[in-house]
Every structure is written in C-alpha cells, then in structure tokens.
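Enquirer: The structure that follows is given in the form of structure tokens.
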Amino acid sequence: MRRPQCLKISPAVVVGALAWLLTAPAFAQPDAPQVNDNGLTCFNGYGYTLKGGDYRYTEHHEVKRVHGHITTWNVTYIGTHGQVLARKHMDFSANPTVPVYRMTMPNSGYEEGIRHDDGRWTMFKRESANARVQTKSFTIDDPMAADSGFNPLVQQHFDELNSGQTVAFKFVAAGRQSVIDLKAYKTGDTTFESKPAVNFKAELDMFLISHFVPSLKLTYDPKTERLLEYRGIGNMHNDQGKVYPVRVSYYSHMPAVAKAHDAPAAACGSVADRS
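Position in the sequence shown (from 1) plus 1223 gives the number in the working numbering.
See below:
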C-alpha cells in the first residue's frame, strides 16, 4: 500500500483524532459470544479508567444481522448513576465497514456522525447544542473503516493479522473531521477470562509521528474473532468535557462494580426505558 504523503501535523492534533476512533470507543465494539445471524445480538462492555482502573460506564450493544451481515447497530452508554451518557445508531446497509451513524450526548448536546446521500459521503460534528454543525466530504478508499466498522474490517483481515502481517487502512474520524492512515498488527498471545487470546495494536501509519502518539491495544478471541478488550483513548467525556484513556472489557458476566452502579443487563431491550 502506498505510503501517505508527508503532512505538517502536530502530535496533539493526531491524539485528538485517535480519541474519536471506537468509539470504546469506536474500535471497542465486538460481536457477542452467541451471534444471531438473523436477528438481534446483545451484549455489554464495561469501561474503566486506564490509570487506576475506576469503573466509569457500561456500553450496551444491540446488533442486528441479516444472513450473517450487520445491518444496524445501536449502542447506549450508561454512567455510574444509571444515566444515559450517549446514544449511537449505526446503519451498515451502504458499506460493511463505514456505517452511516449518529452519536449524541444529551447533557452537552454534542453529536457526530456520517451521512450518505445520493452517493456522497459526509462526516459531521457539533460541539454543543448551540454550536454550528461542521461537515467534511470524503470518498471511500478501501480498505477503510469508520466507528464500529473497524471491527468487521479486522475480521475481514483476521487471518493476515493473526499470522503476523501488518494491515494498513484508512479511518474516518468524524469527531476530528479527518481521514487518517492507520496500521494494525499482532503483538503476541495472551489470555482473557482464562482462555487463549491474541493482542493486536493499531497505530498511526505515519513516519516518526507514531512514536509520539499512544497506540490502541486490542485483545481478540482467535477462534471467534471477537473483540474481548480495548485499551486506549476513549470517546466519553470527563467532567472537564475531555476524552480520557480507558480500558473497556467485554466480560461474559457483569462485574459487581457495574451491577452496583445500576448498569443495564446484557439482554436485548434492557435500556429501552432509560432516559
């Protein structure tokens, strides 16, 4: 794959762009252990501060598939008091790795997403309820992903990654109104909940800059290709309105700390009455 052109870009700007990837981000949305190929699959992820390991939120995912292909994906972020921090709706009908989506944060009025109208792709964001909407057009340049579309992209290239190859791709960071070059590769084997797992790393595919920007660490199940854990910059905001580093773990059972903070059950429909 061709190397990206040399750009004048500061590490601070790059960190900001990475912050809006998976959104435990954009990367951190896996399939559930028991996938329903024709219907809903629902599961939770549990977010902790990377430093100190303090519980901060639960991600509740509801993924709809038709003949094994993801069509829609809804994520609700629930805070430590049972409140809704953010909601996200994704539609994969136009592209399997670049979803049309909209994420909103009710308290601040922040929103971001991607639109696809008459063949034209546009990313957008609004910093607050009273702020103007920023937009930027882009074109699909495979391999490319956006938001949770990173996970199906990894699954498309899982054998390559697991065998030690490096996969370069482009990522649409709507929160930073930019398309950035990334690369992913395997860093080793590990365990998760006492079962074999593999570690991948995703980082900027830019000479020198990657040495100054924190990478994203991902743990996958090598058999099911399911994302088990994410470590890196998240997309929820702290009290100062800033994103912060997180660990999001997709445990098979709800941790006691999440249950004590009114986290929703992993079952489908468990967040329907939350406001």
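Ideal placement from N, C-alpha and C gives every residue a C-beta, glycine not left out.
Leaving out the 5 sequence neighbours to the left and right, which residues in its chain are closer than 8 Å to lysine 1418 when beta-carbon positions are compared?
Expert: In the sequence shown, counting from the first residue as 1, residue 1418 sits at position 195. Asp1444.
Enquirer: Taking the alpha-carbon positions, what's the glutamine 1357 to phenylalanine 1347 distance?
Expert: The residue labelled residue 1357 in the question sits at position 134 within the sequence shown. The residue labelled residue 1347 in the question sits at position 124 within the sequence shown. About 5 Å.
Enquirer: Tell me, please, whether the CB atom of serine 1438 is closer than 8 Å to any CB atom in chain D?
Expert: Here chain D cannot be found, since the structure has a single protein chain.
Enquirer: On the CB-based measure, 16 or more other CB atoms within 10 Å of its CB, does valine 1289 come out buried or exposed?
Expert: Taking the sequence shown and counting its residues from 1, the one referred to as residue 1289 is at position 66. Per the 10 Å Cβ criterion, exposed.
Enquirer: Starting from proline 1419, trace the beta strand (DSSP E) both ways and give me its first and last residue.
Expert: Along the sequence shown, one-based indexing puts residue 1419 at 196. From DSSP, the beta strand (DSSP E) with proline 1419 extends over 1418-1427.
Enquirer: Comparing alpha-carbon positions, which option in Met1328, Phe1361, Glu1426 and Val1307 lies nearest serine 1498?
Expert: As a working note, residue 1498 is residue 275 in the sequence shown. Answer by Cα proximity: Val1307.
Enquirer: Is the distance from the Cβ of lysine 1499 to the Cβ of phenylalanine 1423 below 8 Å?
Expert: In the structure as shown, the chain starts at 1224 and stops at 1498, and residue 1499 therefore has no counterpart that could be examined.
Enquirer: To which residues of the same chain is serine 1261 closer than 7 Å at the C-beta, ignoring the five residues directly before and after it?
Expert: Indexing the sequence shown from 1 puts residue 1261 at position 38. Serine is not the amino acid found at residue 1261; the sequence shown has asparagine there. Counting only Cβ-Cβ distances below 7 Å, and skipping sequence neighbours, we find Arg1288, Val1289 and His1290.
Enquirer: If you pair each beta-carbon of the stretch 1482-1497 with each one of the stretch 1336-1356, do three or more pairs fall below 8 Å?
Expert: No, because fewer than three Cβ pairs between the stretch 1482-1497 and the stretch 1336-1356 fall closer than 8 Å, the two stretches do not touch.
Enquirer: According to DSSP, tyrosine 1324 sits in a beta bridge with which residue or residues?
Expert: Position 101 of the sequence shown holds residue 1324. In the DSSP output, where bridge partners are listed per residue, tyrosine 1324 has Met1313 and Ile1337.
Enquirer: Pick helix, strand or coil for alanine 1483, following the three-state DSSP scheme.
Expert: Translated into the one-based positions of the sequence shown, residue 1483 becomes position 260. Looking at alanine 1483 - three-state DSSP - the assignment turns out to be helix.
Enquirer: Taking only the alpha-carbon atoms, compute the straight-line gap between tyrosine 1300 and glutamine 1388 and give it to the nearest angstrom.
Expert: What you label residue 1300 is simply residue 77 of the sequence shown in a count that begins at 1. What you label residue 1388 is simply residue 165 of the sequence shown in a count that begins at 1. If you take the alpha carbons of tyrosine 1300 and glutamine 1388, they lie about 34 Å apart.
Enquirer: With a 10 Å radius around its C-beta and 16 neighbouring C-beta atoms as the bar for buried, classify tyrosine 1284 as buried or exposed.
Expert: As a position in the sequence shown, residue 1284 is number 61, starting the count at 1. Per the sequence shown, residue 1284 should be read as histidine rather than tyrosine. When all chains shown are included, histidine 1284 counts as buried.
Enquirer: Alanine 1407 and leucine 1384: beta carbons closer than 8 Å?
Expert: On the sequence shown, position 184 is the one that residue 1407 refers to. On the sequence shown, position 161 is the one that residue 1384 refers to. A contact, by the Cβ cut-off of 8 Å.
Enquirer: For serine 1351, which residues from the same chain have a beta carbon less than 8 Å from its beta carbon, with the 5 sequence-adjacent residues on both sides left out?
Expert: Numbered from its first residue, the sequence shown carries residue 1351 at position 128. If we look at serine 1351 and ignore the five residues flanking it on each side, its Cβ neighbours are Ser1331, Gly1332 and Tyr1333.
Enquirer: Using the Cα positions of tryptophan 1344 and glutamate 1452, report the straight-line distance between them to the nearest angstrom.
Expert: For the purposes of this step, residue 1344 is taken as the residue at position 121 of the sequence shown. For the purposes of this step, residue 1452 is taken as the residue at position 229 of the sequence shown. About 30 Å.
Enquirer: With a Cβ-Cβ cutoff of 8 Å, do threonine 1272 and valine 1469 count as a contact?
Expert: For the purposes of this step, residue 1272 is taken as residue 49 along the sequence shown, with counting starting at 1. For the purposes of this step, residue 1469 is taken as residue 246 along the sequence shown, with counting starting at 1. Cβ atoms of threonine 1272 and valine 1469: closer than 8 Å.
Enquirer: For the stretch 1325-1410, which segments carrying the beta strand (DSSP E) assignment without a break, of at least 3 residues, lie completely within its bounds, in sequence order?
Expert: Correct list: 1333-1340, 1343-1349, 1357-1361, 1367-1369 and 1390-1396.
Enquirer: Just mark glutamate 1416 as buried or exposed, buried being the case when its beta carbon has 16 or more other beta carbons within 10 Å.
Expert: Taking the first residue of the sequence shown as position 1, residue 1416 is located at position 193. By the neighbour-count rule (16 or more Cβ atoms within 10 Å), glutamate 1416 is not buried but exposed.
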